[in-house]
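Q: Counting from 0, one number per residue, gives the positions in the sequence shown under numbering that gives the first Met the number 0.
Beta carbons: idealized from backbone N, C-alpha and C, even for Gly.
Sharing a structure, written as structure tokens. Questions coming.
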Amino acid sequence: MYNNILSEQKKQINYITINRPKQLNALNKETIEELHQALKVADENPEVGVIILTGSGDKAFVAGADIKEFADFSISQGGELAMNGQKILFSFIENLSTPVIAAVNGFALGGGLELAMASHIRVASSNARMGLPEVSLGVIPGYGGTQRLTQLVGKGKANEMVFTAGMIKAEDALSWGLVNYVVKPEELMAKAEDIAGRILKNSASAISSAIKAINANFEDGVNGFEVEIEEFGKCYGTADFKEGTTAFMEKRKANFRG
Ligand code: CO8
0 MYNNILSEQK KQINYITINR PKQLNALNKE TIEELHQALK VADENPEVGV
50 IILTGSGDKA FVAGADIKEF ADFSISQGGE LAMNGQKILF SFIENLSTPV
100 IAAVNGFALG GGLELAMASH IRVASSNARM GLPEVSLGVI PGYGGTQRLT
150 QLVGKGKANE MVFTAGMIKA EDALSWGLVN YVVKPEELMA KAEDIAGRIL
200 KNSASAISSA IKAINANFED GVNGFEVEIE EFGKCYGTAD FKEGTTAFME
250 KRKANFRG
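The following block contains the structure:
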């Protein structure tokens with residue numbers, strides 16, 4: 000069905016793997032479109048509670064946008080590239096109602112790090128290397144990197160990472176707050192699944208509301224507190240709210256996904 004990615008569902012987790020190992024999983028146009036499609040399908044499937052995104056092979060999560068494909072673009076094509084990519088993949092992921100965990104299994108560079116940063120949670124293997132090398136190519140990060148890196152690590156560290164175009168090690172990414180956990184490569188998927196399992200115990204509709212409220216903090220001209228109030232109110236109309244509160248009164252575990 001897809002040429003550049005694999006999408007597989009086990010229990011309530013949808014695994015999406017970028018599968019161009021010979022190109023270190025670089026994101027060409029077709030891969031971006033396929034990722035959009037697979038994420039949309041997973042998000043709309045009520046059987047899916049968490050999406051785990053990773054790269055094929057043991058070397059790279061994603062080594063960036065496919066440089067070979069974009070090297071001769073004009074100004075307008077460059078702008079369009081960034082705008083379309085942000086719309087169909089990077090902002091799209093951030094605003095999905097299903098949580099996305101990026102399992103960063105190696106190089107996450109340029110568009111690859113931007114993909115991990117657009118995901119809701121990041122776990123990295125100890126061999127992962129992260130960076131935004133765009134200025135070494137004469138461009139800047141165009142898939143939301145200047146914004147999301149600054150949100151995650153603060154302006155000073157973001158400036159350093161973007162201006163130097165350098166790579167940082169997984170341990171540094173952890174201490175900077177760029178990733179949530181660093182584990183041995185062989186433990187990466189288990190760690191992502193452990194987080195997924197803890198998410199899956201909870202109300203999918205409440206998590207979807209939480210994503211909207213948290214994201215609202217970063218939207219221009221939007222009052223996040225107001226979005227929180229609105230989403231909080233909406234929860235009262237859900238079956239999950241009834242189940243969660245009833246289970247508490249009955250001193251049993253809530254069964255949200257039965
Ligand atoms: N795009 C296309 N192909 C890639 C990319 C990429 N981003 N990264 C790696 N590859 C390919 C290599 O060309 C090579 O292919 P081949 O065997 O046909 O020559 C294959 O993957 C294996 O790579 P290497 O032999 O280089 O592997 P190494 O282990 O020696 O090095 C590195 C690994 C350090 C990750 C190295 O591959 C590298 O530096 N890659 C590029 C990283 C990069 O700069 N990424 C950011 C891209 S820019 C971006 O994402 C924003 C969009 C900018 C638009 C482009 C403007 C020109």
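Go ahead and label N3 buried or exposed: buried means 16 or more other beta carbons lie within 10 angstroms of its beta carbon, across all protein chains shown.
A: Answer is buried; the Cβ neighbour count reaches 16.
Q: Answer with yes or no whether the minimum CB distance from D239 to chain D is below 8 Å.
A: Within the model displayed, chain D is absent; a lone protein chain is all it includes.
Q: Under three-state DSSP, which class holds V182?
A: V182: strand per DSSP, three-state reduction.
Q: Hey, how far is the Cα of K28 from the Cα of E218?
A: Between K28 and E218, the C-alpha separation is close to 27 Å.
Q: May I ask you to verify whether the stretch 120-127 touches the stretch 174-181, counting CB pairs closer than 8 Å and requiring at least 3?
A: The stretch 120-127, when compared against the stretch 174-181, does touch it at the 8 Å Cβ threshold.
Q: Just tell me which of S96, E225 and G141 has its CA closest to the CA of L80.
A: If we check each option's Cα against that of L80, G141 comes out closest.
Q: What are the start and end residues of each continuous beta strand (DSSP E) run of 3 or more residues lying completely inside the stretch 71-142, in chain order?
A: Counting only runs of 3 or more, we get 99-103, 106-108, 120-124 and 128-130.
Q: Check V40 in the structure and name its three-state DSSP category.
A: It is helical.
Q: Mapping DSSP to helix, strand and coil, what is T149?
A: Of the three classes helix, strand and coil, the one that applies to T149 here is helix, per DSSP.
Q: Report the start-end ranges of each beta strand (DSSP E) in the stretch 12-56 that is 3 residues or longer and not cut off at the edges.
A: Fully enclosed beta strand (DSSP E) runs of 3 or longer: 12-17 and 49-54.
Q: Nearest by alpha-carbon distance to F60: which of E133, L187 and V138 is it?
A: With distances taken between Cα atoms, F60 lies closest to L187.
Q: Tell me the residue span of the beta strand (DSSP E) that contains F255.
A: Taken as a continuous stretch (DSSP letters only), F255 belongs to no beta strand (DSSP E), as it is neither H nor E.
Q: Measuring alpha carbon to alpha carbon, tell me which residue in S135, G220, S96 and L112 is nearest R128.
A: Cα-wise, what sits closest to R128 is L112.
Q: Is it the case that the Cβ atoms of G105 and D42 are separated by a distance below 8 Å?
A: Contact: no.
Q: Relative to ligand 1, what is the chain-ordered list of residues with a Cβ closer than 6 Å to any of its non-hydrogen atoms?
A: Ordered along the chain, the selected set is Q22, L23, A25, A62, G63, A64, D65, I66, K67, F69, A70, F106, L108, G109, G110, P132, E133, L136, V138 and G141.
Q: So, helix, strand or coil for E7, using DSSP?
A: The answer is strand: DSSP assigns E7 an E or B state.
Q: Using only CA atoms, which one of Q22, T30, G243 and E225 lies nearest to S6?
A: Closest option to S6, Cα to Cα, is T30.
Q: Assuming K233 is part of the alpha helix (DSSP H), what are its boundary residues?
A: Note, K233: alpha helix (DSSP H), G223 to C234.
Q: Go to K67, then tell me how far its alpha helix (DSSP H) extends in each direction, as first and last residue.
A: Here the alpha helix (DSSP H) through K67 covers I66 to F69.
Q: Pair every Cβ in the stretch 137-152 with every Cβ in the stretch 76-90, then say whether three or more of these pairs are closer than 8 Å.
A: Yes, the stretch 137-152 is in contact with the stretch 76-90.
Q: Rounded to the nearest angstrom, what separates A107 and A25 at their Cα positions?
A: Straight-line Cα distance between these residues: approximately 10 Å.
Q: Counting C-beta neighbours from all protein chains within 10 Å, is the total for M82 16 or more, i.e. buried, or is it exposed?
A: Classification of M82: exposed, given that the 10 Å Cβ count is below 16.
Q: The beta strand (DSSP E) spanning I168 covers which residue range?
A: Residue 168 is actually Lys in this sequence, not Ile. Its beta strand (DSSP E) spans residues M166 to K168.
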